[in-house]
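A short write-up of the structure that comes next.
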Amino acid sequence: MDTINSSDFNYIRDLVRRHSAIALEADKAYLVETRLAPLARQAGLASLQELIGLLRIQPAHPLHRQVVEAITTHETSFFRDIHPFEALKTTILPALLARRRSASLTIWCAACSSGQEPFSIAMLMREHFPTLAARQIRIIATDLSSAILARAREGLYSQIEVNRGLPAALLTRYFDKQGLHWRIKSEIRRMVEFQQSNLAEPWPLIPPADLVFMRNVLIYFDVNTKKAILAKIRHVLKPDGYLFLGSSETTLNLDATFEPISLGKSTCYQLRQTKTP
Numbered sequence: 092m093d094t095i096n097s098s099d100f101n102y103i104r105d106l107v108r109r110h111s112a113i114a115l116e117a118d119k120a121y122l123v124e125t126r127l128a129p130l131a132r133q134a135g136l137a138s139l140q141e142l143i144g145l146l147r148i149q150p151a152h153p154l155h156r157q158v159v160e161a162i163t164t165h166e167t168s169f170f171r172d173i174h175p176f177e178a179l180k181t182t183i184l185p186a187l188l189a190r191r192r193s194a195s196l197t198i199w200c201a202a203c204s205s206g207q208e209p210f211s212i213a214m215l216m217r218e219h220f221p222t223l224a225a226r227q228i229r230i231i232a233t234d235l236s237s238a239i240l241a242r243a244r245e246g247l248y249s250q251i252e253v254n255r256g257l258p259a260a261l262l263t264r265y266f267d268k269q270g271l272h273w274r275i276k277s278e279i280r281r282m283v284e285f286q287q288s289n290l291a292e293p294w295p296l297i298p299p300a301d302l303v304f305m306r307n308v309l310i311y312f313d314v315n316t317k318k319a320i321l322a323k324i325r326h327v328l329k330p331d332g333y334l335f336l337g338s339s340e341t342t343l344n345l346d347a348t349f350e351p352i353s354l355g356k357s358t359c360y361q362l363r364q365t366k367t368p
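Structure (structure tokens):
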């Protein structure tokens, strides 16, 4: 595999930061190498160095966006870290449904990658709250990468991907086998709206959300960008809504208006002044 020199690595770090606000740490050279080497081959270039050389001399080349998308695509899996989904099933959704009664529910999954998280939520709702079919449930899923969103909309996953976190019963109930892959059924795909959005730039029109999933995202940003993103979430989240971050993430020392709420083995956040049981 091609190795990247310090000058080229710093160039890519700056490119990614300018276009996504994501701060690559100094020890992430291996990530750049593994993500960009396939892109160089797809573009018909002989090496990673040739790819970066092209980027340097052609600042408007479409490969700039493809490079940023390749670097910023995050790892995901079905029902990743099961505890938030357990809290959703046993506590949060029953509470929201009791408070909303006939009103609709809006759920936003930010940085959704190839769609496993929003589809996991959709399957959970279909499985445990079947009466919701009679009311409006809106799941909005956003990501920076247009390529990864195209994959998510297709809903086609490899055997390895469905083996990671997806119970066998849900695989047989909500997926169809297509050759070596599995396609999620249209009844689940229709529950999710995919939109392109860069968290570091002005957001598209996100309706007031009852629940925001932004897990394992803030860790990639510097402190000021984290604060800016949390400030914008305050304006999206309904007063009694819930925010889920990754298990290693927190609002502590970033935004005092959010209060952690312990739900079994999971922690979520609510706006402090309007906390509800």
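Here the sequence shown is numbered in this note's numbering, starting from 92 and rising by one per residue. Idealized CB from N, CA, C, for every residue including glycine.
- In the structure shown, R264 falls within a helical segment according to DSSP collapsed to helix, strand and coil.
- Nearest Cα to W199 within the set P298, S353, Q364 and F349: P298.
- Cβ contact annotation for I320 (same chain, cutoff 6 Å, sequence separation greater than five): L290, in chain order.
- A contact between stretches requires three or more CB pairs, one per stretch, nearer than 8 Å, and the segment 247-257 meets this requirement with the segment 166-184.
- Here G270 is exposed. Its C-beta has fewer than 16 other C-beta atoms within 10 Å.
- The segment 261-280 makes no contact with the segment 293-313: fewer than 3 CB pairs, one atom from each, lie closer than 8 Å.
- Where K329 is concerned, the enclosing beta strand (DSSP E) starts and stops at L328 to L336.
- With a cutoff of 9 Å on beta-carbon distance, M214 and I228 are scored as not near each other.
- Each of L142, V159 and A137 was checked against the Cα of L115, and the nearest Cα belongs to V159.
- Contact annotation, V308 with A232: C-beta distance approximately 13 Å; criterion of less than 8 Å not satisfied.
- Your pair L240 and Q287 checks out as a contact, with CB atoms roughly 6 Å apart and the cut at 8 Å.
- D346 and L354 have their alpha carbons spaced roughly 20 Å apart.
- With a minimum length of 4 residues, the unbroken runs of alpha helix (DSSP H) contained wholly in the segment 94-144 fall at 97-111 and 120-133.
- Take T164, set aside five residues on each side of it, and the residues of its chain with a beta-carbon closer than 7 Å to its own are S204, S236 and I239, in chain order.
- Between L127 and L145 the beta-carbon gap is near 12 Å, outside 8 Å, which marks them as no contact.
- Here T197 is buried. Its C-beta has 16 or more other C-beta atoms within 10 Å.
- When the five nearest sequence neighbours on each side are left out, the beta carbons in the same chain lying within less than 6 Å of the beta carbon of I103 are those of V123, in order along the chain.
- A straight-line Cα-Cα distance of about 33 Å links H110 and S357.
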